[in-house]
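Be aware that the sequence shown starts at 0, since it is given in numbering that gives the first Met the number 0, and climbs by one per residue.
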Amino acid sequence: MPPSSSVAGASPASRGRSGSSPAWPRPGSPDRALVVTAVDAATGEFRPLDRSSGVPLLQAVAASCAVPGIYPPITIEGRRYVDGGMRSTANADLAEGCARVVVLAPIPRGVGPMASVDAQVTGMVARVAVVAPDAGSRQAIGRNVLDPAARAGAARAGRAEAGAVAEQVAEVWSG
């Protein structure tokens, strides 16, 4: 997974707006690659967006969050884009060729023809750790991963789970 980056102002009201947008990465962010994923709503074509794509970071993140049926597609260069999770729940295959890979996969199983995270990392020569919700986290998240009422409990469960997987992640990073 690419390192995380915060995006201020990515509210629904700013979705799809052109104009000023944070740079890739934002000032003060680590100087590492960040890839945000989206899928063309009309063709199903996968589009990884990074600093070389020419797409402003705010638009890329908004497109990556455009869950069909929940949030509208985002227009980028005249095309409508939706969440890259429509192609894969974690897009872990983008890490192919990396020596160390930590995948944070809140939804580790694919649906229909979508590959699971485990299927995507199988065969990678990298050291790999896949962190997915444990039973306590799944219970806290509930049936609807987008339910705002579950956020606080899910965050607490995730913090508790982090302690359980910290050694596994550290082994990948430093081993």
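The beta-carbon is built from N, C-alpha and C at its ideal position, and this holds for glycine as well.
* Asked: Counting along the chain, where does the beta strand (DSSP E) carrying residue 127 start and finish?
  -> Here the beta strand (DSSP E) through residue 127 covers 126-130.
* Sequence-distant residues of the same chain with beta carbon closer than 6 Å to residue 156, five excluded per side -> Closer than 6 Å at the Cβ level, and outside the excluded window around residue 156, lie 135, 136 and 139.
* Asked: If you draw a straight line from the alpha carbon of residue 172 to that of residue 58, how long is it in whole angstroms?
  -> Rounded to the nearest whole angstrom, the C-alpha separation of residue 172 and residue 58 is 31 Å.
* To do: Check the DSSP bridge columns for residue 47 and list the partner residues they point to.
  => Residue 47 pairs with 36.
* Asked: Roughly how many whole angstroms lie between the Cα atoms of residue 127 and residue 100?
  -> So the alpha carbons of these two residues sit roughly 5 Å apart.
* beta strand (DSSP E) containing residue 144: first to last residue? -> Residue 144 -> no beta strand (DSSP E), and no H or E assigned at all.
* Collapsed DSSP secondary structure at residue 60 in the structure displayed -> Residue 60: helix per DSSP, three-state reduction.
* To do: Note down, in chain order, each residue of its chain lying with its Cβ closer than 6 Å to the Cβ of residue 85, except the 5 sequence neighbours on either side.
  => Result list for residue 85: 38, in chain order.
* What does residue 78 pair with, by DSSP beta-bridge criteria? -> DSSP lists 75 as partners of residue 78.
* Per DSSP, residue 99 is paired with what? -> Looking at the DSSP assignment, residue 99 forms a beta bridge with 126.
* Please name the residue in 174, 113 and 106 whose C-alpha comes closest to that of residue 142. => Of the listed residues, the one whose Cα sits closest to residue 142 is 106.
* With a cut-off of 8 Å on the beta carbons, I'd call residue 61 and residue 73 a contact; round off their distance for me. => Indeed, because the Cβ distance is near 5 Å, the residues count as touching under 8 Å.
* DSSP on residue 83, reduced to helix/strand/coil? -> In the three-state reduction of the DSSP assignment, residue 83 falls in the helix class.
* To do: Go to residue 117, then tell me how far its alpha helix (DSSP H) extends in each direction, as first and last residue.
  => Per DSSP, residue 117 belongs to the alpha helix (DSSP H) from 116-120.
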